[in-house]
Structures are given as C-alpha cells and as structure tokens.
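Just so we're aligned, residue 5 is where the sequence shown starts under the working numbering, counting upward by one. Ideal placement from N, C-alpha and C gives every residue a C-beta, glycine not left out. Structure first, then comments.
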Amino acid sequence: MKVPHLRLSSLRLLSTLLLSILYFSLSAQSDTQVTIVDTEMVPLVGVQIYSNDYTYTGVSDIDGNWMIPADVGEDEKFTFKYVGYQSMSFTKSEISGMSQYVKMSQGLKLDEVMIVGRTDQLASEMIHRVETISQADILRVQSSNSADALGQNADIFIQKSQAGGGSPVIRGFEANKVLLVLDGVRMNNAIYRSGHMQNAITVDNSMLQGIEVIYGPGSLMYGSDALGGVVHFRSKDPVRSFDKEGSIRFLANAGISYASANSKKGIHLDFNLGGRKWGLLTSLTYNDFGDLKSGINRPNKYPGFGGRDWYVETLNGEDRQVINDDPDLQLGTGYQQYDFTQKLVYEVNDKLDLMANFQYSTSSDVPRYDALTELRDGLPRYAEWNYGPQNRFLSTLQAKWKSPNPLFDKVKVIVAYQNIGEDRINRRFQSASRRHQEETVDVYTFTLDMNKFLDKYEMIELNYGLEYNHNDVNSVAFGEDINTGEKDTNVFTRYPSGVSSTDALGAYVYSSFKNDLGTKLFGGLRYAANGISVRYDRADTFTWPEEFYDGLTTENQAVTWSFGVRQDIFKKWTIQALLGSAFRSPNVDDLAKVRINSDEVSVPNLGVTPEKSINAEISISRKLGFA
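Given below as structure tokens:
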C-alpha cells in the first residue's frame, strides 16, 4: 500500500530537482546588472562602458545601471569612463565581488573641456593657442552683438565701417582670411570678400553658449580661409529632464536691455521644454540701435575727430547738405535687427543623438557710415548708402553616434543648408538714380568626423573625416528713379549675372600622442580640391567675350599639414611649438567680381591661385597660481 505513495514522493522530488536545475541554469544565463555610482552612492548617468576589444559597449542609464550580457566570461575586463572622474577597469568577476556596484572617484584636477570646432579637447592638451569666451563673459560686458563680444573679451581687434558692422582681425588677417564657424558649420561662403565684413553680427549673442578663438593656421581641420585663425560661435543647446520618468522640464529666460551710447533698446525671450529623451529650445531677440553718440573728450590735434558736422537731407526729391546741430551725434548709424532660433534634440538610444538647428536673422537697412561721411569736391559723395536687410537662414541636422568599434569610437555627421541675402543700395548726392545690387547665396554642407583611440590607455588618438561644400550665387542689379519709381536694368551686377557656383571637397587625418610625462605630439594632413564655375547673361549691358556666356570654370588643389609638440614641466611650465601651413582657395568674389571704383575697374580673372602660408611659432608659459 505504500508503493504508490513512495512513487509520488519520488516524482515530486525529481520535479523539484529538475526545476531547480532549470532555474539556476536560466539565472546563470541571464544578464547581470551593474550600477555605477560616485563616492556618495549617487548614480552616474551616461558613463561610457566598453570591453578591451570593444565587443561589448554601452552607456549607463538614468539610474546609473547597465546590463552585462549573459555570454560574457568572468575574466572579461570592462573600462568605465566619465568626464571629470578617474577611468576604472574591472573584470566581470571583480564586479560581482563588489556586489554589482562600481564606485567612481572624481579626478584630482578637472581640466577645462574646450569644444574647439570638431573635436573635444582638454585645455591642457591644446597645441594651438585657444581663447574661450564663456556665456558669463558675454553677459558681464553686455555686448551689443557677437562682434563686440569678441572684441571685448578676446585678444583680437574688431574693425567697423559702420555701427552695424564688425570684422574680426586675427594676427593681421581679416575678412575672408579668417574663418567663421557657427555650431560646427562654416559661415564663410562664395562671396566673402577681402574687404571688411559684418556677418559676425548676424549671430545672436543672446543665445551664445560661448565663443572659441583658435589663433594661427586652422586649415588642417577646417579647410579654406583659416589663414589667420578660426572663430567658432556655439549657441545654446536644449536642456533635457533627468527627473522621474514622464516629467517635463520647463525653463524660461527673458530680459530687456538699454544702452545710452546709441539709445539701444533690446528685448530677448527664450524658453526650454525637456523630457528624458528630448529637448526643445526657442528664442526670439529684437534690438533697436539708435544713432551713436560720440564722446566729447578729443585729442588736441584732432578737435573734430569722430564728429558729424553735416548730413544729407532729401525733401521732394532734392538733396541738400544740412549742418548737424549736435556734431557728437553720428547721424546715419542706427538700424534694427531680429533673430530667431529653434533647436530640437532627441536621444534615439544610448548610442545615437540627433539635433535639428534652425536660425534666422534679418535686419532693417544698415547705413554704411563711412561712405555717408565722404566728401568729393567739397560736397557729399553719397546721399544714400545702405546695406540692405542682412538675411541669414541656417538649418542643420546633426547626428552623434557613440559606439566603440574597429573603425571609430564616435562619429559626428552634420548636414546643413544656409541661405544668405546681402544687398547694397546707394545713390550719389543730387542724383535721382538709386542703384540696387542684390546677392543671394545658397550653401549646402556635409561634414563627417570620426574619432578613434588606438590603444586601451587612450594615449594615441586618431581623427579623420570628410567635408563637402557647395555654393550657388545669384546676382541681380537695377536702377530706380526716386521720383518716378521707374526701373532701369542697365546696371552692372556685382557678380556674374548667370548662376555662379563653387565646390569644395576635403579629407583630413591627424593623430596625437600623449604620455604620463606631460608630452603631447600632434601631426596631420589635409587634401582639398576646389572648383568654381561662372556664367554671364547675354542681356548684360557690357559685351563679354563669347566664352563668358558659355561658362568659365577653374579648379585648384591644396595639401596642408600641421605638426606640433607640447611639454608640460612640473605642472607649471609649458613649452609649445607648432609648424603648419594654411590656404585660402579663390571664391567668386576673388575671380569674377565686377566693380567700378573711382578710376579702377575690376574684371574677371581666372588666373587667381590659392593663397598659402607657412606658420611657425613657439611659446613658453608659466602658471603663477593666481585664481
């Protein structure tokens, strides 16, 4: 009678044993959770984690967690890397022995992280001289525009022909020999001229996170135009929420400003919405700049310096020279400007981030003050001289991918489109004909930048990438009778009346090595190929050679290089040496501008070749220990 009971007990025991074996088997094959925290047990978000051969990679989540895959061996070693913290490496078995917690300690010293152009580099490792301007610096001096922010904070000079101007001069280079970059996209285009520029003021200084100035040749990373240096404007990014799941973070900033020197009145508003995986930033800025008031203390040798003794007044179509009752008031310097910014960031996963960036800037007519004060034979040369509304539209899509593999550790791609409108409107004194020259430039840009550490100690770094840039230039001109409104098309365009275009393709590679003795070596090459195509319309008032109507093309190539060394001695002394080349490829303004100035006439010249420079510099510095 006891046999059935014995069999039933045996079956139960066997079932329990099998389930236990299955349970432990499944447990052994499941992923292992590891939590990364600081010394205060606060979870660290976004810690980079990778195995020695990069087979396994990841990033810690909002709770500091990351799952070690089930198929990882006990001896597999993982490196944990976080900005401002000491990198650490542990095997899977060592992590298990720490109760699945990895504690990271802050570094003894936090180096300043400079986002200089395309790469993030520590300030203590830069070969070039780099100067950074923070958002706090810009707010402190209450700069009227981005050009003023540069001049008031950096070791560079800003040239101005009018209040609505601002052309950075770096080491004696200016205009199209200095490269302007905004959020990783080059601003220089096919009509950047050798004369003074004012494009820097179209960047809204109320939305700047910071500005970086790179002194010296920058063609290795940036290509053409970076002869004297690079100015990189960096706008604010949307802020995401890292609070509990589903929470929305709202931030708002508003301000008004006034400056007595030019009766400037400004208003700014921006607001930010952010979730855990997305962020949205919107900004509006309006500035009304009045006529500039000069100071009354002047050198004895030049008692009238900076004064405006007269101005031109037009009544019923008649121009007359009028005495200025207040010579200290520089009539013809005021203008208005509007700026709009919209940025959206989205985290697709722990490896891929996307960002869309839209910016628009426009203005009223901007008087060219230097031309309005010119005299010829005792009379004003011009009754009117304005830069028409300066329009700049920028749209970019940026993707950042972080996933260490044999080709790269991280990659960044930017696709950008810009539309720039630049007009010139002038009329000579006592002339009824007002001349309009209107230029429109469409710019298409693609950049690809990759970064790779070649050793597990991150002492050897390789950076390489590609860039393509295409410009289309449309130029129109006409005359206008101020009395009748009649249009006259018998006017020279500034650039070829047909469509002009430029193409620039570049590829670069550079590598750096550093050791624990404070030594850093740097070297790289860049190859660039450039082409220009211009075509003239048969309807032009001037008869061009036949080949001008069919279209003219020219091509050029350039190879640039840069090598440098930096040695830190006892953490106080630094010796730096840099030898590098730079170039500037001719653009449409160089090759095909048609201009009549006094007795000089500029005509197309396809024989213009790239400008090149070789730079050598050495510097010795010492930290004095001041805060």
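Quiz item: Going along the chain, which unbroken runs of the alpha helix (DSSP H) with 4 or more residues stay wholly within the segment 531-586?
Solution: 550-554
Exercise. In the DSSP assignment, find the unbroken alpha helix (DSSP H) run with R144 in it and report its ends.
Key: Q139 to V145
Quiz item: Going by C-alpha distance, which of V63, V46, I464 and L48 is nearest Y54?
Solution: V63
Quiz prompt | Option nearest I429 by Cα separation, candidates R396, K404 and G483 | solution = G483
Quiz item: Can you tell me where the alpha helix (DSSP H) with Q156 in it begins and where it stops?
Solution: S150 to N157
Quiz item: Name the DSSP bridge partner or partners of V243?
Solution: Paired residues: none, contrary to the question.
Quiz item: Do L48 and Y86 have their C-beta atoms within less than 7 Å of each other?
Solution: yes
Quiz item: Taking Cβ positions, are G170 and I137 nearer each other than 7 Å?
Solution: no
Quiz item: Is G584 near P221, with beta carbons less than 7 Å apart?
Solution: yes
Practice problem: Whole angstroms is fine: what's the gap from E78's alpha carbon to K281's? | Solution: 33 Å
Quiz item: Less than 7 Å separating the beta-carbons of T39 and N69?
Solution: yes
Quiz item: Out of curiosity, what's the CA-to-CA distance linking F517 and N203?
Solution: 37 Å
Quiz item: Buried or exposed: where does Y196 fall if 16 or more other Cβ atoms within 10 Å of its Cβ makes it buried?
Solution: buried
Quiz item: Going by alpha carbons, who is nearest to G490 out of E471, H440 and F450?
Solution: The sequence shown places Glu at residue 490, rather than the Gly named in the question. Of E471, H440 and F450, the residue nearest in Cα terms is H440.
Self-check item: Cβ neighbours of L231 in the same chain (closer than 8 Å, five flanking residues each side left out)
Solution: F177, K181, V182, P221, S223, A586, F587, R588, E615 and S617
Self-check item: According to DSSP, residues forming a beta bridge with D594
Solution: DSSP, once it has assigned bridges, lists no residue as partnering D594.
Quiz item: Going by other Cβ atoms of all chains shown within 10 Å of its Cβ, with 16 needed for buried, is W3 buried or exposed?
Solution: For the chain, the structure presents residues 5 to 631; residue 3 sits outside this window and is missing.
Self-check item: Counted within 10 angstroms of its Cβ, other Cβ atoms place P590 as buried (16 or more) or exposed
Solution: buried
Quiz item: Is the CB-CB distance between I579 and I624 below 7 Å?
Solution: yes
Quiz item: Nearest-angstrom Cα distance between Y89 and Q52?
Solution: 11 Å
Exercise. Measure the alpha-carbon distance for A420 versus L319 and round it to whole angstroms.
Key: 46 Å
Exercise. Would you mind sorting S251 into buried or exposed? The rule is 16 or more other CB atoms within 10 Å of its CB.
Key: exposed
Quiz item: Taking the alpha carbon of K576 as the point to measure from, which residue in R626, V607, I174 and T545 has its own alpha carbon closest?
Solution: R626
Quiz item: To the nearest angstrom, how far is it from the Cα of I215 to the Cα of D229?
Solution: 18 Å
Exercise. Grab the span of the alpha helix (DSSP H) containing L376 for me, first residue to last.
Key: Y373 to L376
Practice problem: Can you grab the Cα-Cα spacing for the pair Q213 / F457, in whole Å? | Solution: 28 Å
Self-check item: Of the residues K404, H272, G336 and I66, the one placed nearest Y350, counting alpha carbons only
Solution: K404
Quiz item: For F246, does the count of other Cβ atoms within 10 angstroms reach 16, so buried, or fall short, so exposed?
Solution: exposed
Practice problem: Answer yes or no: do M454 and T345 have a C-beta to C-beta separation smaller than 7 Å? | Solution: no
Self-check item: For T613 and A543, the rounded distance between their alpha carbons
Solution: 30 Å
Practice problem: Hey, could you find the ends of the alpha helix (DSSP H) L224 is sitting in? | Solution: S223 to Y226
Quiz item: In chain order, what residues of the same chain lie with their CB nearer than 6 Å to the CB of D636, ignoring the 5 residues before and after it?
Solution: Outside the shown range of the chain, which is 5 to 631, sits residue 636, and nothing can be said about it.
Exercise. Would you be able to state if there are at least three C-beta pairs under 8 Å between the segment 358-368 and the segment 325-341?
Key: yes
Quiz item: Any chance the segment 465-478 sits against the segment 499-516, with 3 or more Cβ pairs inside 8 Å?
Solution: yes
Quiz item: Which one of N473, A620, Y290 and E604 has the shortest CA to CA distance from L273?
Solution: Y290
Quiz item: Does the beta-carbon of L556 have 16 or more other beta-carbons within 10 angstroms, so that it is buried, or is it exposed?
Solution: buried
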